[in-house]
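6 is the number of the first residue of the sequence shown in the working numbering; add one for each residue after it. This report concerns only the one structure given below.
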Amino acid sequence: MNFMKRMVVVSVSASLMALPVSVCGASPVPLRGVVEGFYGSPWTWEARQDMLAFCASHGMNAYIYAPKDDTYHRSQWRVPYPADKLSEIERLAACAKRNHIRFVFAVSPGLDFRYAGRDGKRDRECLLEKLEAVYAIGVRDFAIFFDDIEEKNGRGQARLLNWLEKRLGKRHPDVSPLLAVPTEYTRQAMRSGDGKITPYTRSFSAALREDIRVLFTGEGVCIGRLEDGQLADANGIYGRKLGLWWNYPVNDYMEAKLALGPVDHLPTREEIPAIFFNPMQYPEMSKIALATAAQYANAPRQYDPQRAWEQAVEEEYGSLAPDMKIFAAHSQHLENSWANMGKADGEEFRAHVDAFWKSWPDGPKARENWQILRNDAARMSRAADKLLEGLPDKKLDECRPQLMQMQRMAQAAGIALDLLKAGKGEMDSLSLAELKKQREEIRSQEKRAAWSEQAVLRFIDEILQTI
């Protein structure tokens, strides 16, 4: 019996059997939810229970417990969970059941798993015992992850997964098929430079049982665009439909920046059997993106990222939504030498800047465009003040540094625009000194709080270069 036939998914309103893979592109992704799979401080148990309720209210039906920095999940996976931690997992699984959420318990043994000989046998039994202990407290869904490790033993990993699947299924008919993440978990990693499938991916995919569901992260670890054709190619490599582990809004590679945009550029035609969104270590700040993710997962072909984002902010922030939209619109894009996720920050503001520079200083709309930007800066400043004063403590604790950075940038942008308008002949040296001081303060906080680097901050620097 294959994975999709054995799986039962639950919608917000009622339980229903999972749709066949052949039609899920025109309906909700059958298995859809959150994977707590980030590096950094794991969520509290209270935050997890709150997230389960959030998932249920937004039409998600699954949650994977896989925090990288849970010692017993990864670095010391052989060590059994202490009684108090096991009790917490039991309560969390019960909370998931009450919310009609599939609770998936994951282990990441790949750092030092031994595949052969007596040591290999001991490790297999140790891993099975860990899953059995969690089965005993009510968990029926399990995952084994081999991501972010050096050893690439595709055949050994597949045989281990096959052994676990067979052993668990024989002992417990009510256990769902395993979920797995391979070591080469991006499409780029699955192929070598000449386009051929890598030896690891070939051996892993060929040896793995068909009913084990494989998750991958798309083109790269954090590449925020996956075309239908790219997904189809990855499916072809594995000879099965792959599920997605999508790395947005996770920010463990750029902790100073909050990912507050919508998920976008995901497949709309190619069927997806499962999709899990990796959040930030900040559960409250993750909810904007996760709400949009839920809309996508429930209706991929009808999904509108901007509309979903606006709705998410309005539902989550109520009367503060207009101010939160200003803040969040400038904190969506995460990019470094290997990652590129999320929409560009401050697209509307940047369009105003471009129009301004085209007209300044002597164009027919120069003064009008200056005023538009001055109003933008004033709105940012007011929004930062209102959010710092009005957000509930639980939310404010997760975004205070970035709001203060927004406040600094808004003030600096206003000063810069006033100086630019005054011209060199009328420029106040004290105001210029204040602008430079503000810019230094912004710079001193950048490792802790990043915000609108390519929109507001870039514009401030452009004015400093001009004057």
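By construction, the Cβ of each residue, glycine as well, lies at the ideal position given by its N, Cα and C atoms. Note that the structure is predicted; figures quoted are calculated from it, not measured.
Test item: CB-CB of residue i and residue j under 7 Å
i: Gly200; j: Asn345; result: no
i: Leu325; j: Gly266; result: no
i: Glu446; j: Arg413; result: yes
i: Ala141; j: Ala111; result: no
i: Pro272; j: Leu231; result: yes
i: Leu308; j: Gln316; result: The question names Leu, but residue 308 in the sequence shown is Tyr. For Tyr308 and Gln316, no; Cβs fall outside 7 Å.
i: Ala298; j: Val318; result: no
i: Ala382; j: Ala418; result: yes
i: Gln410; j: Gln450; result: yes
i: Asp233; j: Arg196; result: no
Option nearest residue i by Cα separation, candidates the options
i: Glu95; options: Gly174, Val109, Ser342, Ser386; result: Val109
i: Asp88; options: Phe43, Asn167, Ala138; result: The sequence given here places Ala at residue 88; Asp does not occur at that position. Here the closest residue by C-alpha is Ala138.
i: Trp400; options: Gln286, Glu155, Ser364; result: The sequence given here has Lys at residue 400, not Trp. Answer by Cα proximity: Gln286.
i: Ala438; options: Trp250, Arg145, Leu57, Ile420; result: Ile420
i: Leu116; options: Asp153, Glu319, Ile293; result: Asp153
i: Glu215; options: Met290, Gly38, Arg164, Ser32; result: Arg164
i: Tyr44; options: Trp50, Asp75, Met56, His338; result: Asp75
i: Tyr258; options: Ser62, Arg453, Ile472, Gln459; result: Arg453
i: Ser46; options: Leu231, Gln450, Lys73; result: Lys73
i: Ala264; options: Ser336, Pro305, Met195; result: Ser336
i: His63; options: Ala296, Gln416, Glu93, Asp179; result: Ala296
i: Gln459; options: Ser364, His338, Arg384, Gln443; result: His338
i: Pro85; options: Ala279, Asp128, Tyr301; result: Asp128
i: Phe457; options: Leu469, Thr273, Ala415; result: Correcting the residue type first, residue 457 is Ser in the shown sequence and not Phe. Nearest option by C-alpha distance: Ala415.
i: Pro254; options: Met290, Ile242, Gln235, Tyr243; result: Met290
i: Pro310; options: Gly347, Gly323, Glu275; result: Gly347
i: Arg172; options: Glu155, Leu136, Pro187; result: Leu136
i: Asp179; options: Gly198, Gly368, Phe147, Asp124; result: Phe147
Whole-angstrom distance between residue j and residue i, CA atom to CA atom
i: Met65; j: Lys441; result: 48 Å
i: Leu270; j: Ala427; result: Note on identity: in this sequence residue 270 is His, with Leu being the wrong assignment. Answer to the nearest angstrom: the Cα atoms are 44 Å apart.
i: Ser386; j: Asn380; result: 10 Å
i: Ile277; j: Leu435; result: 59 Å
i: Gly225; j: Ile202; result: 16 Å
i: Leu422; j: Phe221; result: 47 Å
i: Arg192; j: Glu431; result: 58 Å
i: Thr49; j: Ala261; result: 20 Å
i: Leu169; j: Ser342; result: 38 Å
i: Ala237; j: Ile472; result: 52 Å
i: Glu321; j: Lys292; result: 8 Å
i: Asn283; j: Arg372; result: 45 Å
i: Gln54; j: Cys100; result: 7 Å
i: Met377; j: Asp350; result: A quick correction: the sequence has Ile, not Met, at residue 377. Their backbone Cα atoms lie some 18 Å apart in a straight line.
i: Phe281; j: Asn256; result: 15 Å
i: Glu130; j: Pro114; result: 12 Å
i: Ala356; j: Asn374; result: 11 Å
i: Leu91; j: Val144; result: 11 Å
i: Cys29; j: Asn104; result: With a pLDDT of only 41 at Cys29, under the threshold of 50, the placement of this residue in the model should not be trusted; the figure read from the coordinates follows. Rounded to the nearest angstrom, the two C-alpha atoms are 23 Å apart.
i: Val26; j: Cys227; result: Note that Val26 scores a pLDDT of 36, beneath 50, so its modelled location is shaky and nothing firm can be said.
i: Ala61; j: Val34; result: 15 Å
i: Leu469; j: Phe361; result: 15 Å
i: Trp365; j: Asn252; result: 41 Å
i: Lys126; j: Arg176; result: 18 Å
i: Ala306; j: Glu41; result: For the sequence presented, residue 306 should be read as Arg rather than Ala. Cα to Cα, the separation comes out at about 26 Å.
i: Trp314; j: Ala304; result: 15 Å
i: Ser181; j: Ala194; result: 28 Å
Near the ligand GTP: residue i beta-carbon under 6 Å from a heavy atom
i: Val268; result: Annotation note on the ligand GTP: not contained in the displayed structure, which lists no ligands.
Cut-off 6 Å between Cβ atoms - residues of its own chain near residue i, not counting five sequence neighbours on either side
i: Ala185; result: Ile149, Leu166, Ile217, Val219
i: Ala67; result: Leu36, Gly38, Arg107
i: Tyr190; result: Asp152, Phe221, Thr222
i: Glu205; result: A small fix is needed here, since residue 205 is Tyr in this sequence, not Glu. Hits under 6 Å: Lys157, Gly159, Glu189.
Close beta carbons around residue i, own chain, < 7 Å, minus the five adjacent residues each side
i: Ala52; result: Pro288
i: Leu392; result: Leu325, Asp328, Met329, Phe332, Leu408
i: Asn240; result: Lys246, Leu247
Residue range of the unbroken beta strand (DSSP E) whose run includes residue i
i: Ile142; result: From DSSP, Ile142 is part of no beta strand (DSSP E); its letter is neither H nor E.
i: Phe354; result: Per DSSP, Phe354 belongs to no beta strand (DSSP E); it is in the alpha helix (DSSP H), 352-364.
i: Tyr253; result: Premise fails: Tyr253 is in no beta strand (DSSP E) and is neither H nor E.
i: Val109; result: 107-112
i: Arg218; result: 218-221
i: Tyr68; result: 67-70
i: Val186; result: 184-186
i: Ile228; result: Premise fails: Ile228 is in no beta strand (DSSP E) and is neither H nor E.
i: Ala388; result: Where Ala388 is concerned, there is no enclosing beta strand (DSSP E), although the alpha helix (DSSP H) it sits in stretches over 371-395.
Residue range of the alpha helix (DSSP H) that includes residue i
i: Leu169; result: 159-176
i: Leu91; result: 88-103
i: Ile331; result: 326-334
i: Glu41; result: Not the alpha helix (DSSP H): Glu41 falls in the beta strand (DSSP E), residues 36-41.
i: Phe59; result: 50-62
Same chain, Cβ closer than 8 Å to residue i, five either side skipped, listed in chain order
i: Arg160; result: Ser208, Phe209, Ala212
i: Ser80; result: Leu116
i: Asp3; result: There is no way to answer for residue 3, as the model of the chain reaches only from 6 to 472.
i: Ala121; result: Gly161
i: Lys370; result: Ala360, Ser364
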